[in-house]
Each structure stands twice: as C-alpha cells, then as structure tokens.
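Only one structure is covered here, and it is reproduced in the block below.
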C-alpha cells in the first residue's frame, strides 16, 4: 500500500499505474506497460487535506527467477485553475515514480560484473556495471583508480537484476594512453 496526502487547498486528481522497469544497454531506466500488477484505485479524486491509499497486488503468480522491478507511477492530473488576474500561467504536472520489487526467488542476491563500455571519447573513462544476480543492487559509488590518482563517479542508484548501467569520470591528466587502472564498485 501507498498513502498519498493532499496538502493543497483544493482537490487533487491522481492517476496511478504500474510499469515494468529495466536498464537495457546502460540506459538509466526504461519503463514499459505490464499486466503483472494491478493498482487500486487507478484514478482518485483526493479532497483538500485528505489522504488516499493506493493498493498494489499481483494479478497472477510470477515464475521463480530473478527479482522483478517495477515503478508505481502516480501522476497529478488536476486541471489548472484559471485566474483571470494572471496574464500567463504555467501548470506543473508532478509524477511520483516509486520503486517496487517483487521477489520470486527467496534469498536471491545481486551479482555484479564490471567491464569496459566499448567506444568512448578519449576525454572520459567509462565502466559498464551489470547485475547478473537474482536481486537488485544499490550502487553507492564507482571508483576509478590508477597509479597516483583516484576519481569517483557522481552517478549512483539502484541497478535492477538483469540491468546494466554505465559510470564515467573525466580522464585524469596523469593517466597515460594504454595505462592500466582499476574500477571498484561499492
């Protein structure tokens, strides 16, 4: 369950849906339609100062294997109020993307692989981190290290089972072409 509270002074119209989450070819995230899960209610009108509970459930049992990654997407589609005293208005639509993981193999663990990204510019060092395990991994840092230098990638986040992410840092001036360096993932 997820409870959202409307702190505004007028009713909010919220639309909820579940999407499958993947990280193909080093993309940060790709979302696609799924019928694995259902969310209830799919549309809700939440009065000012009130809360709405959204429930998510499996439609059918999932086969054993790697953990499944999803996003619960809740979008505020409240119509913009028209204030005639304002010449120009901007309506902002907020979407909340809440991570959901369904475990189909009890005790599943992530298993990370690290490799080169392939063709990259000479200005950057890049590493591909993949998860071939049965559960997602929380990447806290990726450190590139060589003789007399160390660089930490600013990127971090969740790596889903079966997913791949790319991490990069600027090439240090100390690193000569063809020199070896190591990559450590925490």
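In our numbering, the protein residues as written are 8 to 193. Even for Gly, the Cβ is constructed at its ideal location relative to N, Cα and C. This structure is a prediction, so every number in the text was calculated from the model and none was measured.
Each residue's CA atom was taken as its position, placing residue 33 and residue 16 some 42 Å apart. Between the beta-carbon of residue 193 and that of residue 143 there is about 15 Å, and that puts the pair past the 8 Å contact cut.
Rounded to whole angstroms, the gap between the alpha carbons of residue 119 and residue 10 is 34 Å. Residue 117 sits buried, since 16 or more C-beta atoms from the chains shown fall within 10 Å of its C-beta. Its chain contains 129, 130, 131, 132 as the residues whose beta carbon lies nearer than 7 Å to that of residue 178, once the 5 sequence neighbours on both sides are disregarded; these appear in chain order. Here residue 135 is not near residue 107, since their CB atoms are 9 Å or more apart.
Under the DSSP assignment, residue 165 falls in the beta strand (DSSP E) whose first and last residues are 164–166. The Cβ neighbour count for residue 100, taken over all protein chains shown within 10 Å, is under 16; the residue is labelled exposed. In the three-state reduction of the DSSP assignment, residue 31 falls in the helix class, which pools H, G and I.
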